[in-house]
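Okay, so the sequence shown: first residue is 88 according to the working numbering, each after it adds one.
All residues carry an ideal CB built from backbone N, CA and C; glycine is no exception.
Quick caveat: nothing in here was measured; it's all calculated off a predicted structure.
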Amino acid sequence: MNIDFGKFLAAATLLSGGCVLVASDDNAADDGAASQGTGGTTGSGGATTTASDGTGTTGTDASTTAADSSGDGTGGAAMCTDGTPLMAEQICDGMPDCEDYSDELGEGCGYTCADGTQIPSFYVCDEYFDCPDASDENNDQCMSPMFTCGDGTQIPTSYQCDAYPDCEDGSDEVDCFACDEGGVPMAQVCDGMPDCEDGSDEAMCG
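See below:
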């Protein structure tokens, strides 16, 4: 077989040149990637973003931002003795929010009896003696009318004619009209205002 060495060398030269060109393109690509700009410092919890000019930008942690904007996260200003959280407006507002009433018995709120005993403020003037000395009902804060017993002791008028003698002499249960449950003073019978729950104090009035 006759070989034309001139054509062979020409073909070899072309093939060799093509390989060099391909290798040159790959190297150029590698060099380009290596010369690309340095990425920025990665933020806490965020990914680094590489811009088109090779400049890195720092990522932002969204969860950290949310936590920072939410304050201390406590959601309350105090808590009951059992750990139940409370808002500031629930302290000393006259309404018990804790099972043990501790939100109404803190310093600066509640009512101090004459003997130093402290009771919730909503116990004052409720027509029940909560202080040992009854000072929670016998003070200027209480505007409800009082009944004077025969010995001069005063009790709330709601205690009068309730079928339980609250005066030592029993005078609070004298001259009473018997309702279906309890009773009312005779002065309140046929006065145009039903005082018995069943309205019987006004039923027989002409």
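Could you work out which residue in the options is closest to residue i when comparing CA atoms only?
i	options	result
Ala265	Gly257, Asp253, Asp227, Ser287	Ser287
Gln228	Tyr215, Val211, Thr244	Val211
Cys248	Gln241, Met291, Asp262	Asp262
Met233	Asp223, Tyr246, Asp187	Tyr246
Asp202	Ser222, Asp169, Ser189, Thr168	Ser222
Gly279	Gly270, Ala290, Pro252	Ala290
Tyr251	Asp238, Gly239, Gly270	Gly270
For the beta strand (DSSP E) that contains residue i, what are its first and last residues?
i	result
Val276	That residue, Val276, is in no beta strand (DSSP E); it is neither H nor E in DSSP.
Cys263	263–265
Gly257	Premise fails: Gly257 is in no beta strand (DSSP E) and is neither H nor E.
Pro272	270–272
Per DSSP, what are the beta-bridge partners of residue i in this structure?
i	result
Phe35	Absent from the structure is residue 35, since the part of the chain shown begins at 88 and ends at 293.
Leu173	Ala165
Gln205	Thr199
If you drop the 5 nearest sequence neighbours on each side, which residues of the same chain put their C-beta closer than 6 Å to that of residue i?
i	result
Cys179	Cys196
Glu339	A question about residue 339 goes unanswered here, because the residues of the chain that appear run from 88 up to 293.
Gln241	Met233, Thr235
Thr199	Gln205
Gln275	Asp282
Glu214	Pro243, Ser245
Met273	Asp262, Phe264
Can you find the residues in the same chain that come closer than 7 Å, C-beta to C-beta, to residue i, ignoring five residues on each side of it along the sequence?
i	result
Thr204	Cys218, Pro219
Ser292	Here residue 292 turns out to be Cys, not Ser, going by the sequence shown. For Cys292, where only same-chain residues beyond five positions count, the Cβ hits under 7 Å are Cys277.
For residue i, I'd like the list of residues in its chain whose CB is within less than 8 Å of its CB, leaving aside the five on either flank, ordered along the chain.
i	result
Glu176	none
Met183	The question names Met, but residue 183 is Pro in the sequence shown. These residues qualify, in order along the chain: Asp190, Glu191, Pro207, Phe209.
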